[in-house]
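Heads up: the sequence lines are chains A, B and C, in that order. The first sequence stops at residue 377 when you use our numbering, and every number in between is there. The second sequence stops at residue 304 when you use our numbering, and every number in between is there. The third sequence stops at residue 275 when you use our numbering, and every number in between is there. Glycine is no exception: its CB is placed at the ideal position from the N, C-alpha and C atoms. Bear in mind the structure is a predicted one, so any value in this text is a computation, not a measurement. The structure under discussion appears below in the form of structure tokens.
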Amino acid sequence: MNDIFRKYQNWLMLIVFIIATIIALIPLFGVLGYVLKNGLSALNIQFFINLPKAMGLPGGGMANAIVGTLIMVLIASLIGIPIGILAAIYLTEYDRHSWLSTVVRFATDVLTGIPSIIVGIVIYTAVVLKMGNFSALAGGLALAIIMIPLIIRSTEEMLKLVSHSIREAGYALGISKGKTILKIVLPTAAKGIITGAMLAVARVAGETAPLLFTALGNQYWARSLNEPIASLPVQIFQYATSPYKEWHQLAWAGSLVLILMVIILNLVARFAFRSRSI
Amino acid sequence: MSKQYKLTASLGDQILRLLTLSMAIGVLVLMVWMGWQMFDTARPSIQRFGLGFITSRVWDPVKEQFGALPFIYGTLVTSFLALLLAAPIGLGVAIFLNEMAESRFRAVVGFLVEMLAAIPSVVYGLWGIFVLAPWLKTTVEPGLAKWLGFIPLFQGTPVGFGMLAGGLILAVMILPTIAAISREVMAAVPNMQREAALALGATKWEMIRVAVLPYAKSGIMGGIMLGLGRALGETMAVTMVIGNRPDILASLFAPAYSMAAVIANEFTEATYDLYLSALVEIGLILFGITLVLNFFARLLVWSVGRGPKGGSIV
Amino acid sequence: MGHTLSVRQLEAWYGSNQTLKGINMEIASNHVTAIIGPSGCGKSTFVRCINRMHETLPGSKVKGEIILDGESIYEQDPVVLRKMVGMVFQKPNPFPSMSIYENVVAGVRLNGMRNKKTLQDIAEKSLRMAALWDEVKDRLNYSGMSLSGGQQQRLCIARALAVEPSVLLMDEPASALDPIATMHIEGLVRQLKEDYTILIVTHNMQQAARIADSTAFFLNGELVEHGPTSEIFTNPNDKRTEDYITGRFG
Ligand SMILES: Nc1ncnc2c1ncn2[C@@H]1O[C@H](COP(=O)(O)OP(=O)(O)OP(=O)(O)O)[C@@H](O)[C@H]1O
Ligand SMILES: [Mg+2]
């Protein structure tokens, strides 16, 4: 083949890939730009301290939704992180090569691909219908189910990075396997595990679909974990699809807050805890 | 170890082992239980409508008539549209980042692409309602109608809210998945392959074409399938821009409905058991499809490198 | 005080691959016993059998008997046994998440000792025995990874000594170190035999000659010869030993 042709073909393909990358980034800057522009103009102190106002009145806030999101993410973390870490310990420390571990690993990967609204349906039928009401607990549980596979996979990756000689050093000191895992292996992988957990938290903090019929939403403060509770994503959804201009403003402001939460979590996770060398 | 010697473990150790084992098994139980829960709730609808559920296009809660075809149609059209756009672009991004960009640039752009996946879907929806849909209505759809209007896909009144908007937003949302998995499997291609191609005098593109892509092909297919799975089940952004009308129309401009969207919109309004049951049956179908899709996608991705084998223990 | 070990008909496998074949060996207390032999002959496997570390690997198998001071080690809880039989590895492996101090007392503390004063005393005593105290006493809270390779290895020795074992297994403890650090470790081994029974694997014949009271030569999973170091090096009984020592193979 002609060398000049090959050179130009090479050059052309490289440009095509650069253009693809630029196209991919346009929506990112598009979304971030609009959220920043519309969100900043609508964001004020009232947003953080006020409850929502009735039907399109100005001056409302999302205080209860922010707190609601924090509460449900906390519940999800308290359930999801320990379960995920324990399961990952089984997969790496006790039974790394068995068929059971392979099946569990595979199921975990498959679970991460299940639509989050499915989790909402399941928790609705299994918890909300049984308890008779929507609740922060049901919402947190739904988020926990989404978190578990994410935590398992990231923790497993991190535990695998811990050198086997560290474990042997523990055994050789007469430290039992359990204590070696909990007091030596886990702390060695701690940074990476925390990074994974933060990314999982960032992921579920923005989830809307699994909360629609588990936590539902609430215009007021929830007085207990056993009643409907507001959350930022659900509130944004309701306001965005409402006909009122004031509520649209609030939806943008809410989006800005939500995105900032998610991006900050991502940045902290990736850069503050980046040193993954073990 | 041979049987004649005793290997004891303290009670605490045995408890920890059992605890971790039960959590690991719990993952399997969770998956089966989710399927069962939905099947159980969907049973009245399954018994009442049988296969007709997925072939009927009538969705009329007032008359207790439930057919899921419009939702299946809307879901499939938007998802495949998204795939059509996101697969080549995502693959292009992966090639650019893995094979061309220098490392600092790669880190920054790689992070930005991952951020696309971090933006909550409700925010995409908000942006879709107030930015994307109006732009489609005033600029893109009239343009498409003018130049490509002879194709039924691009006929009809520009509305903004419809399958085109849904497909575009989905494309943005699944692009990072496709790019990330493609990067992962391309990174698993041994460097020797690349060097061998370069040593034969191949240009960079020829090296990518003959040494990298063939090797990573099945993994990339897996990544695209995972992207498809994500598109099929994506709820909020689609709900907010697809128009939410259970029609089956050829035009991409036309409002439609998706499986996830109808669940999101009508679930809390389902006033009687059969209605709820029908909605859950839609969820069950979605669960089944994404389960199968993810199953095969993961098989493909695992088959390329990073699979379940894991490192040696010593 | 150190303890005596007697090994009887020891056999070990990795999967179907037999690594040790009918080893019989008496190991005297308060002695330094060197294990020499070509690479892959089973030296590491042998010492790993003595603290029952070998059996922790999936697919491994052991047969035979090892008696520690009159009692079979296979009748004991391996976790308890390993407190009596300490081990130092070829590559220094301090716990990355722990400080120097925490590394030294890890074995004691994770087995339930809480008293701070006692722990501090143990740390100082062990670090002194490992000839590391003067170098680290001002930075006990630094990470164990902040030390040089030779210091890390002595930290690992201190960590092993802190649990007060009676037998110390050392698998090529100096092979990753420079000559000065090696000299440190050798001096240490000579001192430690006052209190411990020491088994040291080495590739370095001069090292064995310098520090060991007796030497055992392994070949292809068999114990060829075991006797006083001077005898093994000057007047071996077996032709294969002589060949190895004079550098004719291995
Ligand atoms: N984890 C393992 N899995 C399988 N086979 C192993 C393993 N470790 C060692 N072996 C095999 O067992 C035999 C003895 O190994 P061992 O490590 O005991 O030798 P060594 O004498 O310590 O060698 P070196 O001087 O190189 O350290 C070798 O043939 C080796 O290939
Ligand atoms: Mg060895």
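Lys344/A is classed as exposed because its beta carbon has fewer than 16 other beta carbons within 10 Å across all chains shown. A distance criterion of 7 Å places the beta-carbon of Val113/C beyond contact range of ligand 2, judged by its closest non-hydrogen atom. Judged by DSSP in its simplified three-state form, Gln318/A adopts coil rather than helix or strand. DSSP, read as helix, strand or coil, puts Tyr39/C in strand. In the DSSP annotation of this structure, the continuous segment of the alpha helix (DSSP H) that includes Ala123/A starts and ends at 102 to 141. Counting C-beta atoms within 10 angstroms of its own C-beta, Ile5/B has fewer than 16 neighbours from the protein chains shown and is therefore classed as exposed. Listed along chain B, the residues sitting closer than 8 Å to Val361/A by beta-carbon distance are Ala108, Ile109, Pro110. Taking 8 Å as the upper bound for CB-CB distance, Leu248/C and Ala241/C are in contact here, some 6 Å apart. Cα atoms of Arg199/B and Val284/A: separation of roughly 43 Å, rounded to the nearest angstrom. Put simply, of Trp292/B, Tyr247/B, Gly217/B the residue whose alpha carbon is nearest the alpha carbon of Ser208/B is Trp292/B. Of the other Cβ atoms in all chains shown, 16 or more fall within 10 Å of the Cβ of Ser69/B; this residue is therefore buried.
Beta bridge pairing from DSSP links Ile223/C with Val57/C, Leu193/C. Remark: the C-beta of Gly62/C is in contact range of ligand 1, defined as less than 7 Å to any heavy atom. Look at Lys207/B here: in three-state DSSP terms it is helix. Restricting attention to alpha helix (DSSP H) runs no shorter than 4 residues, the segment 180 to 232 of chain B encloses them at 181 to 189, 194 to 197, 203 to 223, 226 to 231, ordered along the chain.
Distances from the CA of Ser111/B to each of Arg369/A, Leu366/A, Val361/A were compared; the closest alpha carbon is that of Val361/A.
Fully contained in the segment 148 to 207 of chain A is no beta strand (DSSP E) run of length 3 or more. Listed along the chain, the chain A residues whose CB falls inside 8 Å of the CB of Gly273/B are Ile216, Ile217, Ile220.
The three-state reading of DSSP puts Ser330/A in coil, since its state is none of H, G, I, E or B. Look at Val188/C: its beta carbon is at least 7 Å from all of the heavy atoms in ligand 2. Annotation for Pro248/A: the continuous alpha helix (DSSP H) segment containing it runs 235 to 260. Residues are counted here when their Cβ sits less than 7 Å from a Cβ of chain C; for the segment 277 to 300 of chain A these are Lys278, Lys282, Ile283, Pro286, Thr287, Ala289, given in chain order. Distance from the CA of Ala368/A to the CA of Pro121/C, rounded to the nearest whole angstrom, comes to 20 Å. Neighbourhood of Ser323/A in chain C, by CB distance below 8 Å: empty, with the nearest CB roughly 40 Å away.
Here the alpha carbons of Leu8/B and Leu260/A stand approximately 24 Å from one another. Of the residues assessed, Lys276/A falls on the buried side of the cut-off, its CB having 16 or more other CB atoms within 10 angstroms. Contacts with chain A at 8 Å (Cβ-Cβ) do not include Gln37/B.
Under DSSP, Ser64/C forms no beta bridge with any residue. At a cut-off of 4 residues, the continuous stretches assigned as alpha helix (DSSP H) that sit fully inside the segment 83 to 145 of chain B are 93 to 108, 111 to 117, 131 to 138.
Counting only runs of 4 or more residues that sit fully inside the segment 82 to 118 of chain C, the alpha helix (DSSP H) segments are 103 to 109, in chain order. Shown here, Gly25/B sits in a helix according to DSSP, grouped into three states. Restricted to the segment 113 to 170 of chain C, the alpha helix (DSSP H) segments that are unbroken, complete and at least 4 residues in length are 125 to 135, 141 to 154, 158 to 161, listed in chain order. If you check each beta-carbon in the segment 130 to 145 of chain C against every beta-carbon of chain A, the ones closer than 7 Å belong to Ala131, Gly132, Leu135, Asn136. DSSP links Ala241/C through a beta bridge to Ile60/C, His251/C.
Residues of chain A whose Cβ lies closer than 7 Å to the Cβ of Asp3/B are, in chain order, Ser275, Lys276, Gly277. Contact with chain C is found for Glu267/A, since one of that chain's Cβ atoms lies less than 8 Å from the residue's Cβ.
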